[in-house]
Structures are given as structure tokens and as C-alpha cells.
Ligand SMILES: Cc1ncc(COP(=O)(O)O)c(C=O)c1O
């Protein structure tokens, strides 16, 4: 780990943490800000949480900062718990007729693809899977795969900005443009977007975009957003229906009011997000742009180290890499699917070699990938330790 920068986090110093991609990791200053919010909340619980007394004002300040950060008007942004919540809200609100189709991709996040299957089944609609190749040579292959999966009954495309098992940056702008030309709506799952990519939601132009603020933006868990184009906001409802369904909030659209209050919750993660942005702007010279560039350079370095050790080549062109990279491991016997089950190699790397890195089975059980993350607290030695661990476990050859 980069000792100097890692001191900003409370991460276990004995472990090379190469899995920022799963749940992020919040820096100390951000957690301190969150703690202050929680203290204020517990000091005056009613004044703090009753929306019209102070909460709305605080949420609006965060929304405004986030709108600037994501490249969209604040009024088009709702808060959600996380990307799964955002995807569910859109899908469960989406009117489907029997025979309609939703397109998902083979790289899609399982939970979100499940939500698409659920709403399709409920409506007598169907799900088509766009088969994006991997390894991939060119982003155009992803655009072509999504286009090929669409037909005249396709109503919605659910596509990731950065894919979870494979770490690919997908060309969402082109996918959105082509979909719009065919009259198909788009839902972009940008769970990994904020903090990894320069986000510009207005430019991408998707109908719906959701993302996490607790991953690469380093906000506290649980914090997410949902952006909806203004003309569609009336139709998108939160997964939990609460007061604002029949009680307007003065000066707020129903879209904002419904998502702002889905029952008692702890707003401290959301209210700490501006501290996360400030932290990343100040953690290294050059601010967030430098953080993104440095994470990308580091994951490339890690990729080279692991490609050597594993005797494999990069699986994607550089243009599709942000701060996540997946590389193939030798195949293993298929195992029964079980949510939360950890691959034995992942456990061995953690317990014996003190490396935390995900071993993903994709697209089928037994086809294994190691997924590298890079965050500013990492350095070259983390990838070298991983390579040595893979050699010791018989998964890679000594140099
Ligand atoms: C592409 C993608 N979508 C959605 C999610 C779900 O994130 P959360 O569990 O915070 O909702 C993830 C998590 O890694 C992801 O990679």
C-alpha cells in the first residue's frame, strides 16, 4: 500500500486491499463528517429529520453539489440507497405490455439483471441478452452487440457504464444515441461511474441513470443517486411508497419529494458526500482528474504485472479501462451457484497472503477471473504481492 496516502483510510495495513470496486472504502475525514451528522441527528432528532424543518434544505444542498459534479440540473436528481435501488425503481415503474422486451447484457450485474427478469415476467414481457464479447478488441463491438439484441418490441435497454465482472467501460453514449433513434429507452447503471469516470449525464443523454456514491467517490455506505429526464419524472416512483404519493411538498416535484422520504432513514451518508468530493479534490495535486488518471495508470501497471505472472494478455483495449481490470485464471470445476459464497482462492489469498481481491465466476461457474482495482492508497507492491500469492497457490508461474 502507498503508506502516505493509505493513512487517510482506516484500512487494515496488513492487507493489500485490491477490491475498492465492490463496496468502496470511505476515508477517515468522510466518516468523521458522517459522525458529526449522526451526532447532530441524535441531539435534535425531530428538528433534524422532519423534512420541512431542516432535512430538505440539507438534501438540496447536496443535490446541487452533485448536479454540478454529474453534469445535470439538480432538479433531475433523486437520492436512492444504492444502484440496485435505483435500477429497481426505474424497472418497477416501467410500463410493459405482454410481448415487450427489455435488453440486458451478459456483463450486467446479477442483481440488476434479476430485477429486469422480474418485471418482465410480471408483465408477460421478455428479456433478451446482448452478448458482448470478452476479450473485446473495440468498443464498437459492444454497440453492435446491444443493437443486435434489440428488435421492434424492445422498450428498454439496461446497460452498465462500467461492467462489474469484467471492468469494461462501455460506450454508453453511442448505445443511448442508437437506442433513441429506434425509440428505445435507456437505463444506464453507473454504479462505478462517479469518481472513476468524468461524469456528464446531460451529454450521455440516457433516459435514466443510477449510480453509487459509496464506491469510487468514497462516500459513506449507503449513498446513491437516480437521474431521470424531466419529461419522464412523473412516471418514476421509488420502490417504497410513502407520504408524498398523496401529499405534495411545497416547492418540490413529486419525483423529488417521493424519493426524499421513503420512511425513516439515516441521511448522514448522503449529507457527507460533499466531504468525499472535497477529499478527492485535495488528496493529490490535480484533484479528482488526477485521482482518475493516477488510478488508471496504476491499474494498467497492475495489469502488466498480473499478465506476466498469469501468462495472459489484456482482455480489453486501453480505451475501455478505468480503474478496474479483469484477467482470466485457469478454469476450475463448476460449483453450485450460491449468493455470497467466496471462491476458495479468494479466501487463500486473504488468509495466507494478505491480499483482498475478488475472484469472479463469469459467465459460468468455473470460469474464473481475478478483478483488480486501483485506488490512490494502492501501489505497485500490492499487485506484486497478488502475483506472488497466485504463484504460491499454483495459479501462476514464477517469473
Ligand atoms: C454494475 C453494478 N451495478 C450495480 C451494483 C450494485 O451496487 P449496490 O449493491 O451498491 O446497489 C454493482 C456493485 O458492484 C455493480 O458493479
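In our numbering, the protein residues as written are 3 to 401.
Note that CB positions come from ideal geometry on N, CA and C, so glycine has one too.
Pairwise C-alpha distance: residue j and residue i
| i | j | result |
| --- | --- | --- |
| residue 396 | residue 182 | 49 Å |
| residue 381 | residue 4 | 5 Å |
| residue 74 | residue 33 | 27 Å |
| residue 192 | residue 214 | 7 Å |
| residue 94 | residue 250 | 22 Å |
| residue 304 | residue 386 | 8 Å |
| residue 243 | residue 260 | 7 Å |
| residue 328 | residue 270 | 33 Å |
| residue 123 | residue 333 | 33 Å |
| residue 313 | residue 282 | 35 Å |
| residue 302 | residue 138 | 16 Å |
| residue 31 | residue 356 | 26 Å |
| residue 286 | residue 383 | 20 Å |
| residue 52 | residue 231 | 28 Å |
| residue 240 | residue 19 | 34 Å |
| residue 372 | residue 44 | 43 Å |
| residue 6 | residue 378 | 10 Å |
| residue 17 | residue 114 | 30 Å |
| residue 108 | residue 365 | 7 Å |
| residue 9 | residue 29 | 9 Å |
| residue 296 | residue 288 | 10 Å |
| residue 209 | residue 255 | 18 Å |
Extent of the continuous beta strand (DSSP E) run through residue i
| i | result |
| --- | --- |
| residue 227 | 226–230 |
| residue 190 | 187–192 |
| residue 363 | 361–363 |
| residue 402 | Outside the displayed span of the chain (3 to 401) sits residue 402, for which this structure offers no information. |
| residue 1 | Past the boundaries of the shown model lies residue 1; the chain is included only from 3 to 401, so the question cannot be answered. |
| residue 80 | 79–82 |
N-terminal and C-terminal residue of the alpha helix (DSSP H) that residue i is part of
| i | result |
| --- | --- |
| residue 243 | Neither: residue 243 is in no alpha helix (DSSP H) and is coded neither H nor E. |
| residue 302 | 289–312 |
| residue 85 | 85–95 |
| residue 355 | 346–355 |
| residue 256 | 256–262 |
| residue 279 | 275–285 |
Contact check, residue i vs residue j, beta carbons under 8 Å
| i | j | result |
| --- | --- | --- |
| residue 351 | residue 23 | no |
| residue 321 | residue 141 | yes |
| residue 330 | residue 348 | no |
| residue 57 | residue 104 | no |
| residue 190 | residue 211 | yes |
| residue 367 | residue 337 | yes |
| residue 178 | residue 207 | yes |
| residue 161 | residue 170 | no |
| residue 145 | residue 180 | yes |
| residue 290 | residue 64 | no |
For residue i: DSSP bridge partner residues
| i | result |
| --- | --- |
| residue 210 | 189 and 230 |
| residue 330 | 371 |
| residue 170 | 323 |
| residue 107 | 132 |
| residue 161 | 190 |
| residue 122 | Note: residue 122 sits in no beta bridge, so no partner. |
| residue 18 | 357 |
Counting Cβ pairs, one atom from each stretch, are 3 or more of them under 8 Å apart for the region 212–229 and the region 83–92?
-> yes
Validate contact between the region 270–277 and the region 209–224 using beta carbons, cut 8 Å, 3 pairs | yes
At least three beta-carbon pairs within less than 8 Å, the region 257–271 to the region 120–128 = no
May I ask you to verify whether the region 298–317 touches the region 54–73, counting CB pairs closer than 8 Å and requiring at least 3?
-> no
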